[in-house]
Amino acid sequence: MNAPAARAETAMSERPSLAGLTRAEIGEALRAFGLPEREIRMRTAQLWHWIYFRGVRDFASMLNVSKALRQRLDDAFTLDLPEVVEEQISTDGTRKWLLRLTPVDAHDKGAEIECVYIPESDRGTLCVSSQVGCTLNCTFCHTGTQRLVRNLTTQEIVGQLIVARQRLGDFPGRERPTDGLVPSGEGVRAVSNIVFMGMGEPLYNLENVEAAVEVMADGDGLSVSKRRITVSTSGVVPEIERLGSECGPMLAISLHAVRDDLRNELVPLNKKYPIRELLQACRDYPGASNARRITFEYVMLKGVNDSPAEAKELVRLLKGIPAKINLIPFNPWPGAPYECSDWETIERFSDIVFNAGYASPVRTPRGRDILAACGQLRSETEKLRARARRAVE
Ligand code: SAH
Ligand code: SF4
10 MNAPAARAET AMSERPSLAG LTRAEIGEAL RAFGLPEREI RMRTAQLWHW IYFRGVRDFA
70 SMLNVSKALR QRLDDAFTLD LPEVVEEQIS TDGTRKWLLR LTPVDAHDKG AEIECVYIPE
130 SDRGTLCVSS QVGCTLNCTF CHTGTQRLVR NLTTQEIVGQ LIVARQRLGD FPGRERPTDG
190 LVPSGEGVRA VSNIVFMGMG EPLYNLENVE AAVEVMADGD GLSVSKRRIT VSTSGVVPEI
250 ERLGSECGPM LAISLHAVRD DLRNELVPLN KKYPIRELLQ ACRDYPGASN ARRITFEYVM
310 LKGVNDSPAE AKELVRLLKG IPAKINLIPF NPWPGAPYEC SDWETIERFS DIVFNAGYAS
370 PVRTPRGRDI LAACGQLRSE TEKLRARARR AVE
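Going by the numbering used here, the residue at position 332 of the sequence shown is 341; the numbering climbs one at a time, nothing skipped.
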């Protein structure tokens with residue numbers, strides 16, 4: 010029998026999902042569900058294993074849980090994840106998913122975020138979002154033009170990794186997609202690395218980001234080591250130390266300019282936390298060392314920040330910081346007020362940085378054809394997406 014749609018929706022939102030929660034949150038949910046205190050730890054560990062290690066999608070698959078309890082769990086909870094509304098696959102294998110989040114109340118139509126997967130021959134990087142949109146307005150970034158903004162919950166951040174791993178066949182016993190674009194082989198993970206470089210400023214949502222990193226790094230579950238998780242910030246100085254001491258993932262700084270007047274323009278947050286303070290926070294970042302370098306991202310904008318003098322100044326500024334420098338060719342988006350530097354200019358810049366002793370890889374733009382490259386993400390409107398793709402092509 011078909012249940013009326015409205016009823017089905019209410020029923021869905023009344024049953025909270027356990028997928029993406031922290032151990033403490035799962036414990037809390039089980040307590041509220043009426044499970045005796047002495048069982049909470051054991052049941053949490055069981056659920057943890059099935060959700061995060063095995064990647065199962067229903068309670069019925071949890072074979073070491075009694076049938077009766079599986080049924081009761083299923084009556085009270087779901088394992089729902091953000092819904093994939095659209096999947097685009099670039100000619101270079103990059104995948105972009107538009108995800109609709111579960112509505113938080115009756116008025117919420119379900120915010121949308123984007124999440125990007127970038128495969129290489131022996132590894133794969135998942136670029137996750139930490140907010141819907143971004144409150145900062147870096148002038149070269151598409152995400153900053155999106156108006157609707159809210160923080161993602163821990164569950165919504167972790168959910169992006171589970172969705173990706175499910176779709177990529179990256180749980181034990183699952184098959185990779187058959188298109189040959191996802192790395193495979195004995196012991197090769199489809200998602201080996203995670204970067205918080207999607208939509209949003211992670212340090213404006215620090216608590217949830219840290220909790221999500223802990224879930225992602227947990228050795229009994231998703232098990233992505235913190236050395237393979239990078240949090241990128243536009244420079245929220247007071248939170249950098251906290252991120253390092255409380256959680257300790259790898260750090261990336263969106264620097265993009267070597268003078269305050271220019272950085273004020275490109276990354277307006279610089280007016281609050283200027284370059285000198287930002288670099289001091291990097292010098293003090295707990296756990297930074299030559300083996301665990303801080304990445305400095307530098308977007309190459311034609312005629313704006315790409316001169317040899319600026320490359321030399323960059324090297325001077327970073328003296329004493331265990332750093333690597335990531336040059337990002339500017340990725341265009343419709344209406345963007347910049348152009349990407351010429352290839353020779355990027356090479357000249359890169360040579361100066363390299364000759365000063367820094368690794369200076371130029372980030373190959375990936376997924377530009379589907380607007381999945383750095384700074385091109387922006388959810389919201391159907392029309393824009395179609396138009397944007399045409400403009401970039
Ligand atoms: N808000 C965080 C993380 C998300 S942005 C931050 O700013 O660091 C991820 C990276 O993409 C940042 O380095 C950002 O500066 C860069 N970026 C933004 N727009 C871009 C564009 N159009 N082309 C290339 N890189 C861009
Ligand atoms: Fe926000 Fe980062 Fe884009 Fe700046 S570059 S607007 S901080 S997402």
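Where is the CB? At the ideal position from N, CA and C, for every residue including glycine. Predicted, not measured: the structure shown is a model, and the values here were computed from it.
Burial state of residue i (16 or more Cβ within 10 Å)
i: MET225; result: buried
i: MET51; result: exposed
i: GLU391; result: The pLDDT assigned to GLU391 is 33, lower than 50, so where the model puts this residue is not dependable; a value taken from the coordinates is nonetheless given after this. With fewer than 16 other Cβ atoms within 10 Å, it is exposed.
i: LEU43; result: Checking the sequence shown, residue 43 turns out to be Gly, not Leu. So GLY43 ends up on the exposed side.
i: GLU46; result: exposed
i: ASN335; result: buried
i: GLY228; result: exposed
i: LEU72; result: exposed
i: SER369; result: buried
i: PRO192; result: buried
i: ALA397; result: The pLDDT assigned to ALA397 is 43, lower than 50, so where the model puts this residue is not dependable; a value taken from the coordinates is nonetheless given after this. ALA397 is buried by the Cβ-count criterion.
i: PRO346; result: exposed
i: TRP106; result: buried
i: ASP67; result: exposed
i: GLY376; result: buried
i: THR144; result: exposed
i: HIS265; result: buried
i: VAL308; result: buried
i: ALA395; result: The predicted model places ALA395 with a pLDDT of 40, which falls under 50 and marks its position as unreliable; any figure quoted below should be read in that light. Answer is exposed; the Cβ neighbour count stays below 16.
i: THR100; result: exposed
i: THR187; result: exposed
i: GLY312; result: exposed
i: ALA38; result: buried
i: GLY64; result: buried
i: ASN299; result: exposed
i: GLU402; result: Bear in mind that a pLDDT of 39 at GLU402, under 50, signals an unreliable position, so the model cannot answer this.
i: GLU353; result: exposed
i: PRO374; result: buried
i: GLU23; result: exposed
i: ALA54; result: exposed
i: GLU123; result: buried
Under 8 Å between C-beta atoms of residue i and residue j
i: HIS151; j: TRP342; result: yes
i: PRO331; j: ALA297; result: yes
i: ARG372; j: ILE337; result: yes
i: VAL204; j: ALA173; result: no
i: ASP179; j: ARG156; result: no
i: GLN169; j: PRO112; result: no
i: THR148; j: GLU274; result: yes
i: VAL240; j: LEU231; result: no
i: ARG272; j: GLY329; result: no
i: GLY153; j: ASN146; result: yes
i: VAL137; j: GLY207; result: yes
i: LEU27; j: LEU78; result: no
i: LYS235; j: VAL218; result: no
i: SER350; j: LEU310; result: yes
i: GLY142; j: VAL158; result: yes
i: ILE249; j: TYR213; result: no
i: PRO317; j: ILE355; result: no
DSSP bridge partner residues for residue i (one or two, in chain order)
i: GLN417; result: Here the chain comprises residues numbered 10 to 402, so residue 417 is not present and cannot be evaluated.
i: SER263; result: GLU306
i: PRO346; result: None; PRO346 has no bridge partner.
i: GLU121; result: ARG109
i: VAL172; result: Bridge partners of VAL172: none, in fact.
i: ASN202; result: THR134
i: THR239; result: VAL204 and MET259
i: LYS333; result: THR304
i: ASN2; result: Outside the displayed span of the chain (10 to 402) sits residue 2, for which this structure offers no information.
i: TYR126; result: ARG104 and LEU135
i: GLU223; result: According to DSSP, GLU223 bridges with nothing at all.
i: THR87; result: SER26
i: VAL371; result: LEU336
i: GLU92; result: ARG109
Cβ separation of residue i and residue j, assumed to be a contact under 8 Å, to the nearest whole Å
i: PRO258; j: ILE238; result: 4 Å
i: GLY209; j: SER139; result: 4 Å
i: GLY133; j: ILE127; result: 7 Å
i: GLY29; j: GLU165; result: 7 Å
i: SER243; j: VAL276; result: 5 Å
i: ASP410; j: PHE358; result: The structure shown has nothing for residue 410, since the chain only spans 10 to 402.
i: THR163; j: THR31; result: 6 Å
i: VAL94; j: ARG104; result: With 8 Å as the limit, VAL94 and ARG104 do not qualify as a contact, their Cβ atoms being about 14 Å apart.
i: LEU287; j: VAL246; result: 6 Å
i: ALA261; j: GLU306; result: 6 Å
i: ILE284; j: ASP270; result: In fact, because the Cβ distance is near 10 Å, the residues do not count as touching under 8 Å.
Closer than 8 Å to chain B by CB, residue i
i: GLU123; result: Among the chains in the structure shown there is no chain B, since it carries only a single protein chain.
> Of all residues in the structure, which have a C-beta closer than 5 Å to any heavy atom of the ligand SF4, taken in chain order?
Replying inline: CYS143, LEU145, CYS147, CYS150, THR152, GLY153, GLU210 and SER243
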